[in-house]
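Enquirer:
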Amino acid sequence: MKVKILQWHAVGSWTWDAQDETCGICRMAFDGCCPDCKFPGDDCPLIWGVCNHAYHLHCILKWVNSQNSTPHCPMCRREWQFKA
Amino acid sequence: MAMLCDPEALDSLSEDAIAGILQYWAHFCDLTDSLLSQNVPSCGLDSQLGPTIATLCDHGLASLLQDHFLQSLEEAFKKSAVKKFWQQFHSYCDASAIEKANFHEQDNWPEEILSKSLKEICSEKRSQENCLLVLVENLKSFEDRIAKRESEIEHPSSQLMSRYQLMASSVLLTTLPWDFPDILRIYFKKKLEELNSMIADGDSYELEINIHDSQNDADFYHMDTSMCGCNGLVMQIGKVVSDLRSLGFTSMAEDAYSFAIFLLLKSKVNELAGDDYRVPVLWSLKKWIRAVPLQFLHDLLGYLGDSIEYEKESLNVKSPLASQPSSFPGIGIPSEALVRWQLRLEYFAYETLQDLRIGKLFEIIVDYPDSSPAIEDLKRCLEYTGQHSKLVDSFISSLKYRLLTAGASTNDILHQYVSTIKALRTIDPAGVFLEAVGEPIRDYLRGRKDTIKCIVTMLTDGTGGNSGGSGNAGDSLLEELNRDAENQDGADFEEDGGTDEKQAWLNAERWEPDPVEADPLKGSRNRRKIDILELMVGIIGSKDQLVNEYRVMLAEKLLNKSDYDIDSEIRTLELLKIHFGESSMQKCEIMLNDLIDSKRTNANIKATLGKAAAPGSEQREMNISLDILDATIISSNFWPPIQEEELNIPSSVNQLLSDYAKRFHEIKTPRKLMWKKNLGTVKLELQFEDRSMRFTVSPVHAAIIMQFQEKPSWSSKILAAEIGMPADTLNRRISFWISKGILTESAGREPDDPSFTIVDSMADLNKNGLASEGCQLMEEESERSVASVEEQLIKEMTVFEKFIMGLLTNYGTATLDKIHNTLKMFCISEPTYDKSLHQLQSFLSDLISEEKIEMRDGLYSLKK
Ligand SMILES: [Zn+2]
Ligand SMILES: [Zn+2]
Ligand SMILES: [Zn+2]
Chain E
1 MKVKILQWHA
11 VGSWTWDAQD
21 ETCGICRMAF
31 DGCCPDCKFP
41 GDDCPLIWGV
51 CNHAYHLHCI
61 LKWVNSQNST
71 PHCPMCRREW
81 QFKA
Chain H
1 MAMLCDPEAL
11 DSLSEDAIAG
21 ILQYWAHFCD
31 LTDSLLSQNV
41 PSCGLDSQLG
51 PTIATLCDHG
61 LASLLQDHFL
71 QSLEEAFKKS
81 AVKKFWQQFH
91 SYCDASAIEK
101 ANFHEQDNWP
111 EEILSKSLKE
121 ICSEKRSQEN
131 CLLVLVENLK
141 SFEDRIAKRE
151 SEIEHPSSQL
161 MSRYQLMASS
171 VLLTTLPWDF
181 PDILRIYFKK
191 KLEELNSMIA
201 DGDSYELEIN
211 IHDSQNDADF
221 YHMDTSMCGC
231 NGLVMQIGKV
241 VSDLRSLGFT
251 SMAEDAYSFA
261 IFLLLKSKVN
271 ELAGDDYRVP
281 VLWSLKKWIR
291 AVPLQFLHDL
301 LGYLGDSIEY
311 EKESLNVKSP
321 LASQPSSFPG
331 IGIPSEALVR
341 WQLRLEYFAY
351 ETLQDLRIGK
361 LFEIIVDYPD
371 SSPAIEDLKR
381 CLEYTGQHSK
391 LVDSFISSLK
401 YRLLTAGAST
411 NDILHQYVST
421 IKALRTIDPA
431 GVFLEAVGEP
441 IRDYLRGRKD
451 TIKCIVTMLT
461 DGTGGNSGGS
471 GNAGDSLLEE
481 LNRDAENQDG
491 ADFEEDGGTD
501 EKQAWLNAER
511 WEPDPVEADP
521 LKGSRNRRKI
531 DILELMVGII
541 GSKDQLVNEY
551 RVMLAEKLLN
561 KSDYDIDSEI
571 RTLELLKIHF
581 GESSMQKCEI
591 MLNDLIDSKR
601 TNANIKATLG
611 KAAAPGSEQR
621 EMNISLDILD
631 ATIISSNFWP
641 PIQEEELNIP
651 SSVNQLLSDY
661 AKRFHEIKTP
671 RKLMWKKNLG
681 TVKLELQFED
691 RSMRFTVSPV
701 HAAIIMQFQE
711 KPSWSSKILA
721 AEIGMPADTL
731 NRRISFWISK
741 GILTESAGRE
751 PDDPSFTIVD
761 SMADLNKNGL
771 ASEGCQLMEE
781 ESERSVASVE
791 EQLIKEMTVF
801 EKFIMGLLTN
811 YGTATLDKIH
821 NTLKMFCISE
831 PTYDKSLHQL
841 QSFLSDLISE
851 EKIEMRDGLY
861 SLKK
C-alpha cells in the first residue's frame, strides 16, 4: 500500500518571540496587540530598542512623543534608540 | 258529585225552591255530560243550556257551575286525551337502554309518533275549549243582563279559559313520563340535522361563503326569508313547537330545541376545526351560525308569529359583545330574541373552538408557522371569552407531560420553545402568558448540560437542526431574526428618529380598522416587544457565556477547515455584532481575520518558496511537493485553549513544514511560526494494487497510516514510539482505520500490546465484511481541536474545589446561592472568583458525578 497525500492543511501559531511576554508600557501580551489596535500581528508590530527591550510600536511611539527631553527606555532608563 | 252549596243563599229559600234548583242542577249536569261526550256543541244543547245556566246563576250558583264544568272537562281530558297521549310513548319509556337506541335509529321516530299524538291531543283540547266557549258565551250573556241592572259586577267567565289552560297543562305535567324531554331533544336534534344537511346540499351556504369572501360584515347577514326546501321542514317543526306551546310546554320545547341547536353547533365546530390547523375556521363558523341555526330560529319565530318586528331601521340594536353591527338586512331589524340567540351561539362557538384549540395547542405549536390560522382563531376566541388562564394551565401541563421529559432532546425542547414564543406573541403581544408558559421550559433547560451548546448552534448554524420551518431551509435562527427585524424596519420606516409624540401622530394618521381576519404574518407593532434572542440569552444566563461558547465552536470549525472559505462565519459574526456589540465579538473577529491573513500569507509563502526550491531538491525525491501544503496561522492569544498532543509526523511532511516556517520567518521577521502538528486536516489517497480509497483525516490518522507504507504490520508499542504518542492514545485513535477496514487488529506477543496489520487486497477486505468502492471520500468525526467551554471551566474552577469542600465541611449543607455568595465574598484576590451561578452549578454537578459531593432538595453536602 502507498499513501498519496493530496492535501495537508496544517495549523500553526505565530509569535513575536520576545523574551518577555508582555509589553512594559501597556502590560498587554506581545502576541496580543496594544490598546489602540484591533488586530495583532502585522497591524500592531513590536519594536526593539538598542537596549534589547521590546515594546508595541504604537506604545513606544506614544511614549517617545510624550517625552519633552530625550526619550529613555521605560524599562532600563537608557536613552531610547530604535534597533536597526 | 260534590255538591257545595252556598248556605247563606240557600237559607232564605223554601224547600220547593230548593227542589227546583236541584232539578235545574241535575239538568245542568246532564247537559254538561252530553256536551262533553259529543265533543261537538250542537244547537239543541245550546238552547237548553242557556236558560238552565241563567236560572242557576240567578240563584248565585255561577261559580259552582263553573267549577263543575271545569272538573268535568278535567276528568274527560284525563280519561281520554291524556291517557291516550302518554300511551304513545310508553313503549319507548319502558324500553331498556339498548332498545332505546334502536328507537333512535328509526328514521321517523319520534317524528311520526310525536306529531300524530300532538295533533290528536291538541284537537281534543280544542274541542274541549269549544265546549268551554259555549259555557262562557252563556255566562257572558247572563252577566251582561245583570250588568245592565247593577253597575258593578265581576265577570268571572273571562277567567274561565285561562283556568282551563292551567288545568290542562298541569294535568299533562303531573302525568309526564320521565323520558319525555329526552324524546323532544331527539326530535329536534334529528330535525335540525336534516335541516343542516338540506342547506348544505342546497349549496346555498357554500355559495354564500364564496360570494362573501370579501370579508365584509355588512354582506354577512344575508337571510333568506323564504328558503324554498327548508321552509316545509321549518313549518313541520314550527307546528310541533306550537302544539307543545298550546299544551303549556313552552319552556320545555325551547329547552329541547336549544339543546339540539347547541349540540349541532358543537359538532359543527368539531367538524370544521378538526386536526387541520392551516385553515381559519372562525369565519366559516360564524357564517354557518347565520346560515343554519339563526336562519332556523328566524324562520321558527316567524312561524310562531311572536318575534319579528318588521320595523324601519330606526333603533339600531347593537349587541354588547359583538363588534359587528347586528343588523339583518334581509329581514330588517332582528328581534331582540334573535340577537340574544346570536350572542349565545357565537359565544358558545368561540368557547368550544377555543377549548378545542387549547387542547391541541402543543401540536399546533409544533406545526407553527403553518398553523398560524389556528393561532389567529384562538387569539380571537380568547379576546372574546377572556379565558387566557385556561390556555396557560393547559399548555403548561402538556409541556410537562410531552416535552420536558428525559426522552426529548435539548434541541427539540429549544425548537418548541422558539415556536411557542413565536406563536404566543401573536395571541399575547405583551408577553404576559408567555412569561408563565416559558418559565418551566427555561427552568428545565437550565438543568441540561448541552443547553448552551444547542442554543448557540441553533442561533448560528443553519445546517444543523430545523430552524422552525419559516424562511429558507438552512437559515440560522439569528439570520431569521435579523430578516424579521429588517422586514419590520422596512414596514415602519417612519419610525426612525421619531419622538413618541410624533410616532403617536403618525400612528393616528395611518390608522385603519383591523380587518376581520388579520394577516398573521404582518405583525402588529407591539409584537416586537418580545425579543427571542433575549429570551435565549436569558436561559444561558449572560451574553458573555453565549459568546464564549460560540467562540469555542467557531474555533473548532475554523481549525477543521481545509480551505479558507469563511463567508458564512463572517455573516454570522456580523449578525452577532449587531446583537451583542462589536467589543464582545472582538476575539472572534480576530480569529476570522487570522484565516484571511493565513490565506494571503499561504499564497505568498508558496509562491516564493516554490521558486526557491531548486530542481532536484529533497522534496522532489520524496515525491511530495509544496503544493499539497496549506496552513492556518492563528493568533493564539485570542483563540480558546488549544488541545496539544505530541506527534511525530512523517519526515517528508515535517521537512515541508520547517521550510514553510522558515519562509514565514523570513517574510514576517521577527515573527516565528510554531506548528501545532496534531491539528489540521489531511486529505489522502490509499493506493492498493487493485483499488484506491480517499479519506479526509486528522494528522494523527495520517501519521499512523503512513507508517504502514514501510511495514505492513506494527505492534502497538513500537508504532506508538515511532509516532511519539502514548500507546493507549494510539490504540484509541487507530480504531478509525480498523473501522474502515484498512487495518486489522490481532493479539500481539504481550497481552497489552496488540499488533495492527494492513488489509492489502480487496479479497481480505471483503472477508472483513466491509464492502468498498474503488474510490471513497470519507469524512471522519474528528477529535476536537479546542478545549470545550466545560473543560476550560473545570480547569478554572479546580482552584476553588478545596474551598468548596471546606465550606461544605463547615456548613454541613449549603444552597447554590450560598456557595456562590461565599466564594464571591472570600475569593477576591488571586484567584478571583468571577464565575456565574450557572457555571458554578455546572461545576458542582461535575463534583456530584465524581461522587465528591451530593445534592438533595437544592442543598449541597459532602458525599458520605
Ligand atoms: Zn504595548
Ligand atoms: Zn497597536
Ligand atoms: Zn531598555
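Protein chains in written order, with full-length UniProt numbering: chain E, 1 to 84; chain H, 1 to 864. Just so you know, even glycine gets a beta-carbon here, dropped at the ideal spot from N, CA and C.
1. How do the segment 636–649 of chain H and the segment 564–574 of chain H stand: do at least 3 beta-carbon pairs fall below 8 Å, yes or no?
2. Is it right to say GLY581(H) is buried, meaning 16 or more other beta carbons lie within 10 angstroms of its own, or is it exposed?
3. For ligand 3, any of its heavy atoms closer than 8 Å to the Cβ of HIS56(E)?
4. Beta-carbon of ALA84(E) versus every beta-carbon of chain H: anything under 9 Å?
5. Do you know how far the Cα of LYS677(H) is from the Cα of CYS775(H)?
6. Residues of chain H with CB under 7 Å from ILE60(E), in chain order?
7. Which residues in chain E have a C-beta closer than 8 Å to the C-beta of GLN792(H)? List them in chain order.
8. Quick check on DSSP: helix, strand or coil for ILE734(H)?
9. Have a look at ARG290(H) and LYS390(H) and give me their C-alpha separation to the nearest angstrom.
10. So what does DSSP say about LEU684(H), is it helix, strand or coil?
11. Output, in chain order, the set of chain H residues within a Cβ distance shorter than 8 Å of THR70(E).
12. Please confirm whether HIS9(E) has its beta-carbon closer than 9 Å to some beta-carbon of chain H.
13. Could you check what DSSP says for residue 865(H) in three-state terms: helix, strand or coil?
14. Got a sec: is the Cβ-Cβ distance from ILE5(E) to anything in chain H below 9 Å?
15. Quick check: does the Cβ of ASP31(E) come within less than 8 Å of any heavy atom belonging to ligand 2?
16. Could you compute how far the alpha carbon of GLY806(H) sits from the alpha carbon of THR798(H)?
17. Would you mind reading off the limits of the alpha helix (DSSP H) that contains ILE758(H)?
18. Could you name the residues whose beta carbon sits closer than 6 Å to any heavy atom belonging to ligand 3, keeping them in chain order?
19. For LYS683(H), go through chain E and note every residue whose CB falls closer than 9 Å to its CB, in chain order.
20. Enumerated in chain order, which unbroken segments of the alpha helix (DSSP H) with a length of 4 residues or greater are wholly contained in the segment 347–377 of chain H?
21. Any heavy atom of ligand 4 within a distance shorter than 8 Å of the CB on ILE25(E)?
22. Are the C-beta of ASN593(H) and some C-beta of chain E separated by less than 9 Å?
23. How big is the Cα-Cα spacing for LEU743(H) and LEU686(H)?
24. Let me see if you follow: with CB-CB separation under 9 Å, is THR632(H) close to chain E or not?
25. With burial defined as no fewer than 16 other Cβ atoms inside 10 Å of the residue's Cβ, what is the status of GLN34(H): buried or exposed?
26. Can you name, in chain order, every residue of its own chain whose Cβ lies under 8 Å from the Cβ of SER323(H), other than the five neighbours on each side?
27. List, in chain order, every chain H residue whose beta-carbon is nearer than 8 Å to that of MET1(E).
28. Would the segment 355–371 of chain H and the segment 419–428 of chain H be scored as touching if the rule is three or more Cβ pairs under 8 Å?
29. For a cutoff of 9 Å on Cβ pairs, would you count GLY49(E) as touching chain H?
30. If distances are taken between C-alpha atoms only, which option among LEU859(H), VAL786(H) and ILE21(H) comes closest to LYS818(H)?
31. Going by other Cβ atoms of all chains shown within 10 Å of its Cβ, with 16 needed for buried, is GLY497(H) buried or exposed?
32. What residue from LEU294(H), ILE53(H) and LEU361(H) has the CA that sits closest to VAL339(H)'s CA?
33. So the candidates are ILE146(H), GLY748(H), SER197(H) and GLU644(H); which of them puts its Cα closest to the Cα of SER267(H)?
34. Are the Cβ atoms of ASN50(E) and ARG78(E) separated by less than 9 Å?
35. Three Cβ pairs or more, each shorter than 8 Å: is that satisfied between the segment 591–602 of chain H and the segment 627–635 of chain H?
36. So is TRP80(E) in contact with chain H if we call contact Cβ pairs under 9 Å?
Expert: In brief:
1. no
2. Residue mapping note: residue 581(H) aligns to position 581 of the second sequence, counting from 1. Classification for GLY581(H): exposed.
3. Mapped onto the first sequence, residue 56(E) falls at position 56. Outside the cutoff, so no.
4. To locate residue 84(E), count along the first sequence from 1; it is residue 84. False, the Cβ-Cβ gap to chain H never drops below 9 Å.
5. For the purposes of this step, residue 775(H) is identified with residue 775 of the second sequence, where counting begins at 1. For the purposes of this step, residue 677(H) is identified with residue 677 of the second sequence, where counting begins at 1. Note that CYS775(H) scores 36 on pLDDT, short of 50, meaning its location in the model is unreliable; the coordinates nonetheless yield the value given after this. Each residue's Cα considered, the two are about 27 Å apart.
6. Numbered from its first residue, the first sequence carries residue 60(E) at position 60. Here the premise fails: no neighbours, minimum Cβ distance about 15 Å.
7. Start at 1 with the first residue of the second sequence, and residue 792(H) comes out as number 792. Going along chain E, no residue has its Cβ under 8 Å from GLN792(H), so there is no contact; the nearest lies around 18 Å.
8. Taking the first residue of the second sequence as position 1, residue 734(H) is located at position 734. Coil.
9. To locate residue 290(H), count along the second sequence from 1; it is residue 290. To locate residue 390(H), count along the second sequence from 1; it is residue 390. Distance between the alpha carbons of ARG290(H) and LYS390(H): 28 Å.
10. The sequence position of residue 684(H) within the second sequence is 684, counting from 1. The answer is strand: DSSP assigns LEU684(H) an E or B state.
11. Working through the first sequence from its first residue, we reach residue 70(E) at position 70. Those within 8 Å of THR70(E) in chain H number zero; the least Cβ separation is about 26 Å.
12. Counting from 1 along the first sequence, the entry for residue 9(E) is found at position 9. Taking Cβ atoms only, chain H reaches closer than 9 Å to HIS9(E), which makes this a yes.
13. Because residue 865(H) is not part of the residues shown, which for chain H are 1 to 864, the question remains open.
14. Locating residue 5(E) in the first sequence gives position 5, where the first residue counts as 1. For ILE5(E), the answer is yes, since a Cβ of chain H falls inside 9 Å of its Cβ.
15. By one-based count along the first sequence, residue 31(E) stands at place 31. False, no ligand heavy atom lies under 8 Å from that Cβ.
16. Counting from 1 along the second sequence, the entry for residue 806(H) is found at position 806. Counting from 1 along the second sequence, the entry for residue 798(H) is found at position 798. Rounded to the nearest angstrom, the two C-alpha atoms are 13 Å apart.
17. In the second sequence, the residue the question calls residue 758(H) occupies position 758. Careful: ILE758(H) lies outside any alpha helix (DSSP H), inside the beta strand (DSSP E) at 755–758.
18. GLY49(E), CYS51(E), HIS53(E), CYS73(E), MET75(E), CYS76(E) and ARG78(E)
19. As a position in the second sequence, residue 683(H) is number 683, starting the count at 1. The answer, in chain order, is ILE5, LEU6, GLN7, TRP8 and HIS9.
20. 361–366
21. Looking for ligand 4 in the displayed structure turns up nothing; the ligands present are ligand 1, ligand 2 and ligand 3.
22. For the purposes of this step, residue 593(H) is identified with residue 593 of the second sequence, where counting begins at 1. Chain E contact via Cβ: present.
23. The residue given as residue 743(H) occupies position 743 in the second sequence. The residue given as residue 686(H) occupies position 686 in the second sequence. Between LEU743(H) and LEU686(H), the C-alpha separation is close to 12 Å.
24. Residue mapping note: residue 632(H) aligns to position 632 of the second sequence, counting from 1. Yes, THR632(H) counts as interfacial toward chain E.
25. Position 34 of the second sequence, counted from the first residue, corresponds to residue 34(H). Note that residue 34(H) corresponds to Ser in the displayed sequence, not to Gln. It is exposed - the Cβ of SER34(H) has fewer than 16 other Cβ atoms within 10 Å.
26. Taking the second sequence and counting its residues from 1, the one referred to as residue 323(H) is at position 323. Note that SER323(H) scores a pLDDT of 38, beneath 50, so its modelled location is shaky and nothing firm can be said.
27. In the first sequence, the residue the question calls residue 1(E) occupies position 1. Those are LEU686, GLN687, PHE688, PHE708, GLN709, PRO712, ILE758 and ASP760, listed as they occur along chain H.
28. yes
29. One-based indexing of the first sequence puts residue 49(E) at position 49. No, GLY49(E) lies away from the interface with chain H (no Cβ there is under 9 Å from its Cβ).
30. Taking the second sequence and counting its residues from 1, one reaches residue 818(H) at position 818. Nearest of LEU859(H), VAL786(H) and ILE21(H) to LYS818(H), Cα basis: LEU859(H).
31. As a working mapping, residue 497(H) is identified with position 497 in the second sequence. Reliability of the predicted coordinates at GLY497(H) is poor, the pLDDT of 40 falling under 50, and the value obtained from them is presented with this limitation in mind. Exposed, since its Cβ has fewer than 16 Cβ neighbours within 10 Å.
32. Within the second sequence, residue 339(H) is the residue found at index 339, counting from 1. When each option's Cα is compared against that of VAL339(H), the closest is LEU294(H).
33. What you label residue 267(H) is simply residue 267 of the second sequence in a count that begins at 1. It is SER197(H).
34. Residue numbering aside, residue 50(E) sits at position 50 when the first sequence is read from its first letter. Residue numbering aside, residue 78(E) sits at position 78 when the first sequence is read from its first letter. A small correction: the amino acid at residue 50(E) is Val; Asn does not occupy that position in the sequence shown. Yes, these two residues count as a Cβ contact at 9 Å.
35. yes
36. Here residue 80(E) corresponds to residue number 80 of the first sequence, with the count starting at 1. Taking Cβ atoms only, chain H never reaches closer than 9 Å to TRP80(E), which makes this a no.
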